[in-house]
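Here is the structure we will look at.
There are 2 protein chains.
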Amino acid sequence: MTVKQLGLPELVDACAELGVRNVGTWREPVQAYGVDKAAALLRDAGLTVTTHCRGGFLTALDPAERTAALDDNKRAVDEAVTLGTDVLVLVSGGLPAGSYDLAGARERIADGIAVLAPYAAERGVRLAIEPLHPMYAADRCVVSTLAQALDIAERFPADQVGVCVDTYHIWWDDQAPAQLARAGAQGRIATFQLADWTTPLPEGVLNGRGQLGDGAIDLRYWRGLVEQQGYTGPIEVELFNDGLWARDGREVLAETVERFTRHAVRQ
Amino acid sequence: MTVKQLGLPELVDACAELGVRNVGTWREPVQAYGVDKAAALLRDAGLTVTTHCRGGFLTALDPAERTAALDDNKRAVDEAVTLGTDVLVLVSGGLPAGSYDLAGARERIADGIAVLAPYAAERGVRLAIEPLHPMYAADRCVVSTLAQALDIAERFPADQVGVCVDTYHIWWDDQAPAQLARAGAQGRIATFQLADWTTPLPEGVLNGRGQLGDGAIDLRYWRGLVEQQGYTGPIEVELFNDGLWARDGREVLAETVERFTRHAVRQ
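Structure, rendered in structure tokens:
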């Protein structure tokens, strides 16, 4: 998504050029290209898919909507299998219209995961609950902290359900270091994502994630904390940013590689 | 600020018309009108000033900036005295440019309050630390949760430093009910403010606070929690909202009174 202006074949070329060997996929562009075709393209280029984003949206009250969401999540698991990744990231969903019940919505997420986790595990895919910044609590994700994500994840075996740690969502939280230790002790850090926090936030607050090094987040500090917990997996850079999307995608990818090296690699 | 389109004399008239007997003041319009003149106007109309907003912005690293901030806060205390209110709300300040150090910024806030709290107490004014929503952590307020606000407030006598509880900033936080109990047990709830959470958030995320009843927050629930903790003070409605400001101020005030009755009064 950082370079969503690139089609998948262009992305593959740009990755080859820059020595990028791993890529996180997003459902919509993969579906648009064709899941099997995308999987073959990435595999033939020697690219490893780190995670597939995103399942989730499990908070509906309406039974038909809940069934549709579960079916869609099973498709997302199947896509992950085809792409050869073992992690499906979940963005859990916001409050249904007219509801005030954050705790109830979180319970419905747990109920949904109870159905999905065994389905995914049978196929070698682990679910990663992603806490989103509290500014998304109403309309996108009622799971706002690592603590809440772990409260749900802990109901399931660690090899079936982990958490997705994204600096953009947790950087403000003074409880996050302790929760990373909790996640690490249980082996639940399923993936680690970087984005920086820049202001002012844009309307809708979705597409203003900062390029690494442009914002308020000490990326190297958070990487250190995550790796102290034994995490040795890939580090994803996930920037939803209208400004970056308006630029040449190869240039943005090259800049991102350079920023990663400058701001997130131990010195 | 809910009806900042009204000048102070118009506000006084509108309050009289609607039976509103209490008003929270904001520094800029009071200063523009003249502090003594504003105090006389409100007093003569029989209006009680609930709180004065806002001091704070105590996170600067530069010594000259820090001194200027402390001086400005003392002026804010003096204004509160003139207006006849005993609460000055503090918006603590964001990260200085280029700093990643949220914890250090919070320590500087505590250092500033150590200077200001006795100054205010001598004048009968209590400081109210307001946690702001985590989306403001970088550029406006590094105090993002009630827990953090209380961690600072607890270093001072409860009659000198309390907290400002605003539904807009804490509604997402599953730790907030326990922290309200902590605040209540210490007698530190200095004021209670209502605003609703509506989406999409506007650019800059400052002026999108929802009219009561329009959003995701169970206002009656939060009022109940605050009052369970023994709070019997005024309830302020603080809506920063470009849409409301573009309308007729008397109409907005009347609507706000009606919404308060409908959504925040026990039934």
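Heads up: the protein sequence lines correspond to chains A and B, in order. Anchor point for the first sequence: position 169 equals 168 in numbering that gives the first Met the number 0, and the numbering is continuous, going up by one each time. Anchor point for the second sequence: position 162 equals 161 in numbering that gives the first Met the number 0, and the numbering is continuous, going up by one each time. Glycine included, every Cβ here is placed at the ideal spot set by N, Cα and C.
Alpha carbon to alpha carbon, what distance is there between residue j and residue i?
i        : j        : result
B:Leu252 : B:Val19  : 9 Å
B:Ala267 : A:Ala39  : Nothing can be reported for residue 267 of chain B: it is not among the residues displayed for chain B, which extend from 0 to 266.
A:Ala136 : B:Lys36  : 43 Å
A:His262 : B:Gly33  : 49 Å
B:Leu149 : A:Val264 : 36 Å
A:Ala127 : A:Ala75  : 13 Å
B:Val164 : B:Glu129 : 7 Å
B:Tyr220 : A:Asp172 : 25 Å
B:Lys73  : B:Phe56  : 13 Å
A:Thr144 : A:Ile169 : 7 Å
A:Leu224 : B:Arg26  : 42 Å
B:Asp110 : A:Val142 : 34 Å
A:Thr24  : A:Arg246 : 20 Å
A:Arg249 : A:Ala13  : 6 Å
B:Thr255 : B:Val236 : 8 Å
B:Arg258 : B:Pro8   : 24 Å
B:Arg90  : A:Glu202 : Here the sequence assigns Val to residue 90 of chain B, which means Arg is not the residue at that position. Each residue's alpha carbon lies about 23 Å from the other.
B:Ala146 : B:Leu131 : 12 Å
A:Ala194 : B:Gly212 : 34 Å
Can you tell which of the options has the C-alpha that lies nearest to the C-alpha of residue i?
i        : options                                   : result
A:Gln228 : A:Thr255, A:Phe239 and A:Gln178           : A:Gln178
A:Gln174 : B:Leu101, B:Val204, B:Tyr230 and B:Arg125 : B:Leu101
B:Ile108 : B:Ala68, B:Leu87, B:Thr1 and B:Ala96      : B:Ala68
B:Thr198 : B:Thr190, B:Ala182, B:Ala215 and B:Gly92  : B:Ala215
A:Ala120 : A:Pro62, A:Gly212 and A:Thr84             : A:Thr84
B:Thr66  : B:Leu115, B:Trp196 and B:Ile169           : B:Leu115
A:Trp196 : B:Thr1, B:Ser98, B:Asp247 and B:Gly223    : B:Ser98
A:Asp71  : A:Asp213, A:Ala184, A:Gly54 and A:Val204  : A:Gly54
A:Lys3   : A:Leu17, A:Glu16, A:Ala15 and A:Val22     : A:Val22
B:Val86  : B:Gly93, B:Ala15 and B:Ala189             : B:Ala189
A:Arg154 : A:Cys140, A:Gly183, A:Ala113 and A:Ala184 : A:Ala113
So, with DSSP's three-state summary, where would you put residue i?
i        : result
B:Arg265 : coil
B:Leu94  : coil
A:Trp196 : strand
A:His51  : strand
A:Trp244 : helix
A:Trp221 : helix
B:Thr190 : strand
B:Arg139 : coil
A:Ala116 : helix
B:Ile108 : helix
B:Ala127 : strand
B:Leu238 : coil
A:Val251 : helix
A:Arg208 : strand
B:Asp172 : coil
A:Val162 : strand
B:Leu17  : helix
Decide if residue i is buried, meaning its Cβ has at least 16 other Cβ atoms within 10 Å, or exposed.
i        : result
A:Arg187 : buried
A:Thr58  : buried
B:Glu78  : buried
B:Asp138 : buried
B:Pro133 : buried
B:Arg125 : buried
B:Ala180 : exposed
A:Ala152 : buried
A:Pro62  : exposed
A:Thr47  : exposed
A:Gln192 : buried
So with CB distances below 8 Å, who are the chain E contacts of residue i?
i        : result
B:His132 : Within the model displayed, chain E is absent; protein chains A and B are what it includes.
Would the segment 233-246 of chain A count as touching the segment 195-210 of chain A if we require 3 or more Cβ pairs under 8 Å?
yes
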